[in-house]
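Undergrad: Residue numbers (the numbering used here): 4 to 163.
Backbone N, C-alpha and C fix where the C-beta goes; we use that ideal spot for every residue, glycine too.
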């Protein structure tokens, strides 16, 4: 296969990577928003938004695998218990609120029974918090181990 010749220097390449990075995350969050709106507010069948979900999951898995291979966690934080707790609270809280609003709008039962909606929302929050925390803890542990391994490999190469 013929390779294309680069016409940008290193600085321009980094600028292009920054643009791609921002665009990827815009598309990522818009895709998630689209899935949430279609599935929870519009009551669209899975066949209507399933392909978007599949693309979203491919992006999620790709980012996780890529970050693991390179030993990277995030631009703004490190894999720590404090961050796992914070991200779990934000993720579970945001979804629980969206879920409660969707259930209130779509279900006559919950419009007339706010305590049941509150209890269900609290249960959803607790389960999601536990799942997100566990996922972050596992991936954070894997990333820390990978960082250590990459650091050891780098140190071995430089001391030879």
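Between the C-alpha atoms of residue 130 and residue 7, what's the straight-line distance to the nearest angstrom?
TA: About 49 Å.
Undergrad: Under 8 Å, with one C-beta from each stretch per pair, do the segment 108-124 and the segment 57-69 reach the 3-pair mark?
TA: Judged by Cβ distances under 8 Å, the segment 108-124 makes no contact with the segment 57-69, as fewer than three pairs qualify.
Undergrad: Note down, in chain order, each residue of its chain lying with its Cβ closer than 8 Å to the Cβ of residue 19, except the 5 sequence neighbours on either side.
TA: Excluding sequence neighbours, residue 19 sits near 11.
Undergrad: Taking Cβ to Cβ, would you say residue 29 is nearer than 8 Å to residue 52?
TA: Taking 8 Å as the Cβ cut-off, residue 29 and residue 52 do not qualify as a contacting pair.
Undergrad: Out of 41, 154, 82 and 26, state which residue places its alpha-carbon closest to the alpha-carbon of residue 146.
TA: The residue with the shortest Cα to Cα distance from residue 146 is 82.
Undergrad: Kindly indicate the opening and closing residues of the alpha helix (DSSP H) around residue 103.
TA: Looking at the DSSP string, the run of the alpha helix (DSSP H) that includes residue 103 is 84-109.
Undergrad: Can you tell me whether DSSP reads residue 148 as helix, strand or coil?
TA: The answer is helix: DSSP assigns residue 148 an H, G or I state.
Undergrad: Between residue 126 and residue 100, what straight-line distance do the alpha-carbon atoms span, to the nearest angstrom?
TA: Going from the Cα of residue 126 to the Cα of residue 100 covers about 12 Å.
Undergrad: Can you tell me where the alpha helix (DSSP H) holding residue 44 begins and where it ends?
TA: No alpha helix (DSSP H) contains residue 44, which DSSP labels as neither H nor E.
Undergrad: Taking the Cβ atom as the reference point for each residue, do residue 139 and residue 90 lie within a distance shorter than 8 Å?
TA: The answer is yes: Cβ separation under 8 Å.
Undergrad: How would you write the range of the alpha helix (DSSP H) that residue 51 sits in, first residue to last?
TA: 49-73 is the extent of the alpha helix (DSSP H) around residue 51.
Undergrad: Report the residue from 149, 157, 102 and 54 whose alpha carbon sits nearest the alpha carbon of residue 76.
TA: Per the Cα distances, 149.
Undergrad: For my contact list, residue 43 and residue 112 are in at a C-beta cut-off of 8 Å; report their separation, rounded to the angstrom.
TA: So it is not a contact: roughly 16 Å between Cβ atoms.
Undergrad: I believe residue 94 touches residue 135 by the beta-carbon criterion, under 8 Å. Please report the beta-carbon distance rounded to the nearest angstrom.
TA: Confirmed, Cβ separation roughly 5 Å.
Undergrad: Throw me the rounded Cβ distance for the residue 33 and residue 58 pair, which I believe falls under 8 Å.
TA: Between residue 58 and residue 33 the Cβ distance is about 12 Å, and since that is not below 8 Å, they are no contact.
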